Structures are given as structure tokens and as C-alpha cells.
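Have a look at the structure below, then the notes.
2 protein chains.
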Amino acid sequence: MRIALLGGTGDIGEGLTLRFARDTDHELLVGSRDPEKARDAVDDYKAELDSHAVDDPDINGFGNEMAADRADVAILSVPPYYAGDTVDAIDGVLDADTVLVTPAVGMKGDEDGMHYHPPGAGSVTELVAQRASDGVPVVGAFHNLAAGKLADLSAEFDLDTLLVGDDDSAKETVRALANEIDGLRALDAGPLANAAEVESVTPLVINIAKHNDELHDVGVKWV
Amino acid sequence: MRIALLGGTGDIGEGLTLRFARDTDHELLVGSRDPEKARDAVDDYKAELDSHAVDDPDINGFGNEMAADRADVAILSVPPYYAGDTVDAIDGVLDADTVLVTPAVGMKGDEDGMHYHPPGAGSVTELVAQRASDGVPVVGAFHNLAAGKLADLSAEFDLDTLLVGDDDSAKETVRALANEIDGLRALDAGPLANAAEVESVTPLVINIAKHNDELHDVGVKWV
């Protein structure tokens, strides 16, 4: 399968790229608005993978649109405030055969901690679904993973990720893909309308990490 | 220590009472608007505890106000829409020496699932803090525990509960109390202003339970 990491030069994109490269046989397309930046990131990722004895990973850098055009699964690993614009920029090349995956979460910090701050659509996941053309299957996933831990291939990893989506077949594709990452288990949290409760776990894990010394880079297991 | 379970005839009150009775030496005061109902519930709890070989538990039934008046820690185990009125009803007997604990969460269900539905105060926890008199320390805790599992003393139990509060000493009291329940670990999620993200995990666990056959009565571990 071909997996595009759109905005794949950012921290969540880095972590997903490294883990997909190490744990799966999929072809990875790192996308950026600037193709040169994507290719530079790919060089860094290959060096990091090499230092973990992952030889010849199948990763290449592209502009976001070209990466999305070639992908079976396109992961919108961009900051929440770019999610809508990034969908608009690639929407012409998306179709019913490309699963669009969104891990972004809107948050706002103040002196008390991080707070969930969704867009008017109710959640970033629903915003992405609204902005994508009809027929493009959208799945929310990979929301609550600490980017630092994800990108640290030597980190012990035993975490869950929650899926939301209205297209069962697309959800199954993403479930299988997520389960291919060592130590990651995908669970179903229902339709897109349930995305807000999934996304709001992200500020919560940041608050827990801040207030519990032993839980830096904390994640979640549903047990 | 004396612990009041206000609204302790409901399902979260039942579970907390049974587990405190089995796992701690504290004196338990089950409260209800109707003292007779509280005493009937206590008879049921004692029978249940007896069937789990817990002899002579220190539990008695009272009206909510009398239970709160005698308590060092008063747990508002009432439905979210009664939380404010219950605080009003007992506020005259609360003081700085009584820690008021709130586990209630506002939710709304539709055909997609359960959704977080906080009151205007931002969360039930903050609503309780607003309605209580100045100086009464309020701690949010025990939000995300499945009531059925909590009340089933034979259920395997290895879960976390999150604490929010602005009074560090009160939070430490509740942390110690929660940690006395076998298999429960209390973690700090920061001040009261972080309560919404904690509370919104409750509809999420209900959605996860609905969509994953193996996760009936699911809870959460922060790892």
C-alpha cells in the first residue's frame, strides 16, 4: 500500500513515518508544501532509520498534492489550523479510493493547562470531512499519541489509538494499518460525530504529563 | 476518616461504597434525600459485602445533609443534573474541613453515541465549585469508572482515576483515599479548570464499550 504523510515534516508525521518504515512494508510518501523540504526530511528519516538498523526504507519526498495523488491512504499530519486548507489544496486529487486520515486536534493553552478548542465543525476530524469532496472517506486516528515517543524508535510502546469514521471499509483499512505498528492497538470509537471526545484526550494527556513526574510522554490504554 | 456517599444509593455510590468498605477502614455514611432509602441501600450493600466475606463493614444510612455534616470527605455521587441542587441542600453544613468530591459528568446521547454535554460553568466539577460556599475545597475524581465494574467486587480491577482541584491539600486527601481502593491509581490532571477534558472521557469510554465487543465496562490506564 502507498501511504502519504502530508505535512510529514512535522513531529507527528516524523513519528508515523519512522514507525511505518520500521514496522511495515508499505511505500511511504512524505509530503510538504515545499517538495525540497520533504526530500530533506526524508534524508533525516533515513539516517535515523539507519541508526536503528532499518535498511533501505521505501520513503520518498514530494509536494503534498503529488503525495496525495499517489496514495491509498493520506494522513493529514499538519497542525489543526492548516487542516482545512491542506484538504482544499489536495482535494482535486482525492477520490473514493483514497482514505483521508486526520490526527490533528485543536487546543488552547493557558496558565491552568491545555484545553480542547475545536473548530466550529465540532472537531478537526469533522472539519476535514466537511472540507473534503463527497465520497472521499475520512477517518480520524492517531490523535492521542505523544509525538516525542512516537518518533523515538527506542521508546517502549504499548498504546491504543481510537478510530472514528462513517465509512466502515475505510475504517478497517486504517485499523489494519495502525495495528501493524508494533505496540499500537486500534479501537473503534464510532462515527465521525464522536470525534470531539476522542480529540479532547490530547490536551488531557498533556495535562497529565505536566502534573505527574513519572508520566512524561504519557499515552492511553483502554482496558 | 468519615466518608459520605451523597446520593449513595445510585450506581456510582454503590460501587464506591462497596469498594471503600472492602478495601479501607474508613467509616462510610451513605446519604440520600430520603434517609429510609439510604438505610435500605445500606442493608443491600451489607448483604453484598457479606457474600464477599467482608464482615461488619462500618456503613450507616442518613439523609444527605446529616451524612455531609459528619463527613471529612463528601462524595457527590448524584446524577449531573442534581449536583448543583445537592450542593445547595448541604452547603450549610460544609466547611473548610470537608472535602467535597464530584464524580458526575454531563452527557447527551444520540444515534451516533454519547457526547460530552457540560453545564454553562464549563464542567460539572466547576459547577459544584461555584455552588459551594467559598472555602469549601472541591476535588473532581472518580469520573471515568464504569459503575457496573466498580460495583462488581469480583471484577478484575486495574484502572486510573484523574484528580482535578485547586486545593493541593484536599487533592492529596482524595489521592490517598482513591489509592486505597485495590487496583485503582489516582493521577493529578491539574486545577479545576482542567475538569472538562477529564469529564469528557466518560462519554468516550461508553462509545468505546459500544463499538468493541471485548471492552464491555472499559476503563482507562494512562501509561
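Chains as they are written, first to last, in our numbering: chain A, 1 to 223; chain D, 1 to 223. Idealized CB from N, CA, C, for every residue including glycine. Bear in mind that the values here come from a model prediction, so they are computed numbers and not experimental data.
Look at residue 98 of chain A here: in three-state DSSP terms it is coil, with no helix or strand label. At a cut-off of 8 Å between beta-carbon atoms, residue 127 of chain A makes no contact with chain D. Residue 211 of chain D and residue 78 of chain D have their C-alpha atoms roughly 27 Å apart.
Counting C-beta pairs with one atom in each stretch, the region 197-205 of chain A and the region 35-54 of chain D have fewer than three that are closer than 8 Å, which means they do not touch. Bridge pairing for residue 161 of chain A: A:186 [DSSP]. Setting aside the 5 residues that flank it on each side, residue 201 of chain D is surrounded in the same chain by 144, each with a C-beta closer than 6 Å to its C-beta; the list follows chain order. When the five nearest sequence neighbours on each side are left out, the beta carbons in the same chain lying within less than 6 Å of the beta carbon of residue 75 of chain D are those of 5, 101, in order along the chain. Annotation: the continuous alpha helix (DSSP H) that includes residue 179 of chain D extends over 168-179. In the DSSP assignment, residue 115 of chain D is bridged to D:108. Inter-residue distance for residue 11 of chain D and residue 151 of chain D is about 7 Å (C-alpha atoms, whole angstroms). Note on geometry: alpha-carbon atoms of residue 173 of chain D and residue 64 of chain D lie some 21 Å from one another. By the criterion of a C-beta distance shorter than 7 Å, residue 215 of chain A is surrounded in its chain by 208, 209, once the five residues flanking it on both sides are discounted.
Taking 8 Å as the CB threshold, residue 219 of chain A lines the interface with chain D.
DSSP lists A:31 as the beta-bridge partner residues of residue 62 of chain A. Counting only residues of its own chain and dropping the five nearest sequence neighbours on each side, residue 19 of chain A has a CB closer than 7 Å to the CB of 150, 181. The beta carbon of residue 129 of chain A lies closer than 7 Å to those of 138, 192 in the same chain, with the five residues before and after it left out. Closest in C-alpha terms to residue 114 of chain A, from the list D:189, D:142, D:93, comes D:189.
Chain-ordered listing is empty here: chain D has no CB closer than 7 Å to the CB of residue 80 of chain A, the nearest sitting near 16 Å. DSSP places residue 54 of chain A outside both helix and strand once states are collapsed to three, so it counts as coil. By the beta-carbon neighbour count (other beta carbons within 10 angstroms, threshold 16), residue 179 of chain D is exposed. About 7 Å separates the CB atoms of residue 136 of chain D and residue 98 of chain D; that is less than 8 Å, so the two are in contact. Bridge pairing for residue 221 of chain D: A:221 [DSSP]. Neighbours of residue 208 of chain D in chain A, taken as residues whose beta carbon is under 8 Å from its own, are 162, 187, 188, 189, 222 in chain order. Using a CB distance below 8 Å, the part of the region 144-177 of chain D facing chain A consists of 158, 159, 162, ordered along the chain. Chain D places no beta carbon closer than 8 Å to that of residue 182 of chain A, leaving this residue out of the contacts.
By the CB criterion at 8 Å, residue 94 of chain A and residue 132 of chain A fall inside the cutoff. Residues of chain D whose Cβ lies closer than 7 Å to the Cβ of residue 211 of chain A are, in chain order, 188, 189, 190. For residue 194 of chain A, the nearest CB of chain D lies under 8 Å from its own CB, placing it at the interface with that chain. Proximity of residue 65 of chain A to chain D, defined by a Cβ-Cβ separation below 8 Å, is not satisfied. Between residue 160 of chain D and residue 73 of chain D, the CB-CB gap reaches or exceeds 8 Å.
It is roughly 43 Å from the alpha-carbon of residue 213 of chain A to the alpha-carbon of residue 66 of chain A. A distance below 6 Å between beta-carbons, with the five flanking residues on each side excluded, links residue 7 of chain A to the following residues of its chain, in chain order: 13, 77, 78. For the set A:55, A:40, A:2, A:91, the Cα lying nearest the Cα of residue 27 of chain A is the one of A:2.
Here residue 108 of chain A is exposed. Its C-beta has fewer than 16 other C-beta atoms within 10 Å. For residue 133 of chain D, no Cβ of chain A is located within less than 8 Å of the residue's own Cβ.
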